[in-house]
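In order, the protein sequences belong to chains A and B. All the letters of the first sequence, read from the start, carry residue numbers 12 to 124 under the working numbering. All the letters of the second sequence, read from the start, carry residue numbers 255 to 368 under the working numbering. Glycine residues also receive a C-beta, built at the ideal position from the N, C-alpha and C atoms. Nothing here was measured: the structure is a model prediction, and the numbers come from that model.
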Amino acid sequence: AQSVTQLDSQVPVFEEAPVELRCNYSSSVSVYLFWYVQYPNQGLQLLLKYLSGSTLVKGINGFEAEFNKSQTSFHLRKPSVHISDTAEYFCAVSSLTGNQFYFGTGTSLTVIP
Amino acid sequence: NAGVTQTPKFQVLKTGQSMTLQCAQDMNHNSMYWYRQDPGMGLRLIYYSASEGTTDKGEVPNGYNVSRLNKREFSLRLESAAPSQTSVYFCASRGLGSSTDTQYFGPGTRLTVL
Chain A
12 AQSVTQLDSQ
22 VPVFEEAPVE
32 LRCNYSSSVS
42 VYLFWYVQYP
52 NQGLQLLLKY
62 LSGSTLVKGI
72 NGFEAEFNKS
82 QTSFHLRKPS
92 VHISDTAEYF
102 CAVSSLTGNQ
112 FYFGTGTSLT
122 VIP
Chain B
255 NAGVTQTPKF
265 QVLKTGQSMT
275 LQCAQDMNHN
285 SMYWYRQDPG
295 MGLRLIYYSA
305 SEGTTDKGEV
315 PNGYNVSRLN
325 KREFSLRLES
335 AAPSQTSVYF
345 CASRGLGSST
355 DTQYFGPGTR
365 LTVL
């Protein structure tokens, strides 16, 4: 089975500052990796995903993430955040052949004006 | 495309009552999932269905049952609701293939058990 650890439960950051949300995973097999965003009172929306190929993945809303196999990490970054980025962010992992997705406990990003 | 739809959006139950949460997807996906979301615990898988006619337990199946009615619909039933089942429930479906291996989520059902 796989597991995901999101190291920061809450991240406050000032508007237009850069941000990094950390995600580490554990797995004995190759995996797919995902970041989802959840705005208040809404469902989860895919931000970006790593399936194969380039380890630097670009997603929607200016976010990007880098897959680091040796460190088993998939950190999410944005060079300049906006107020509208305030939301809950979830990292998830799935094995290449499995049916289940495993989610981290989430990171609440608050952008301060 | 409506994507993944869930009904109802909100529900309040008394302890011991039963109810069924409905989920439907119009993306022709094979796999469907039910999760619950609780503060500080992320999403936890209750049940999933890899294909029509099959269902499997996830991490927290106790107190729940599911039915994969057809390829489009996957329902979650609480036979005798308990306060510990107060949560937000999300249904998801999954497309297959290396370029589409992604889960798509419904808007959620907020359930309160008194």
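Hey, how far is the Cα of aspartate 280/B from the Cα of arginine 326/B? In this structure, the CA atom of aspartate 280/B is about 6 angstroms from the CA atom of arginine 326/B.
Quick one: Cα of arginine 33/A to Cα of valine 24/A, how far? So the two alpha carbons sit approximately 14 angstroms from each other.
Contact set between glycine 54/A and chain B, taken where Cβ atoms lie within less than 7 angstroms: Under the 7 angstroms cutoff, chain B gives Phe344, Phe359, Gly360, Pro361 and Gly362.
Would you mind working out which of Asn110/A, Gly115/A and Val30/A sits nearest tyrosine 287/B, comparing C-alpha positions? Of Asn110/A, Gly115/A and Val30/A, the residue nearest in Cα terms is Asn110/A.
Report the neighbours of glycine 349/B on chain A: residues whose CB is nearer than 8 angstroms to its CB, in chain order. Result: empty, since nearest Cβ-Cβ is about 11 angstroms, beyond 8 angstroms.
Segment limits, beta strand (DSSP E) that includes glutamine 260/B: Start and end: 258–261.
Coarse secondary structure for aspartate 19/A, derived from DSSP in three states: DSSP places aspartate 19/A in coil when its eight states are reduced to three.
Going by DSSP, name the residue or residues bridged to serine 37/A. DSSP, once it has assigned bridges, lists Ser14/A as partnering serine 37/A.
Going by DSSP, what residues sit across from phenylalanine 359/B in a beta bridge? Under DSSP, phenylalanine 359/B takes part in a beta bridge, and its partners are Ala346/B.
So phenylalanine 74/A and leucine 57/A are supposed to be a Cβ contact under 8 angstroms. How far apart are they, rounded? In fact, because the Cβ distance is near 11 angstroms, the residues do not count as touching under 8 angstroms.
For a cutoff of 9 angstroms on Cβ pairs, would you count arginine 298/B as touching chain A? Chain A contact via Cβ: present.
Quick one: does tyrosine 36/A have its CB under 9 angstroms from some CB of chain B? By this cut-off, tyrosine 36/A is not an interface position.
Which residue or residues does DSSP assign as beta-bridge partners of lysine 60/A? Phe45/A, per the DSSP bridge assignment.
Could you check what DSSP says for serine 352/B in three-state terms: helix, strand or coil? Residue placement at serine 352/B cannot be trusted, given a pLDDT of 48 that sits under 50; the coordinates are not used to answer.
What did DSSP end up calling glutamine 82/A once you bin it into helix, strand or coil? Annotated three-state conformation of glutamine 82/A is coil, per DSSP.
Under 9 angstroms by beta carbon: chain A residues contacting glycine 312/B: Residues of chain A passing the Cβ test: Gln111.
Can you tell me which of Tyr358/B, Ser341/B and His283/B puts its alpha carbon nearest to the alpha carbon of arginine 322/B? Arginine 322/B has its Cα closest to that of His283/B, out of Tyr358/B, Ser341/B and His283/B.
Residues sharing a beta bridge with arginine 322/B, DSSP: Its beta-bridge partners are Phe328/B.
Closer than 8 angstroms is the cut-off here; do at least three beta carbon pairs connect the segment 268–276 of chain B with the segment 67–83 of chain A? No, because fewer than three Cβ pairs between the segment 268–276 of chain B and the segment 67–83 of chain A fall closer than 8 angstroms, the two stretches do not touch.
Classification of isoleucine 300/B by the beta-carbon crowding that lies within 10 angstroms, buried from 16 upward: With 16 or more other Cβ atoms within 10 Å, it is buried.
Taking any Cβ of chain A, which residues in the segment 259–274 of chain B have a Cβ under 9 angstroms from it, in chain order? Cβ contacts with chain A come from Gln260.
Check each residue of the segment 52–76 of chain A: if its Cβ is closer than 9 angstroms to any Cβ of chain C, include it; give the result in chain order. Here chain C cannot be found, since the structure's protein chains are A and B.
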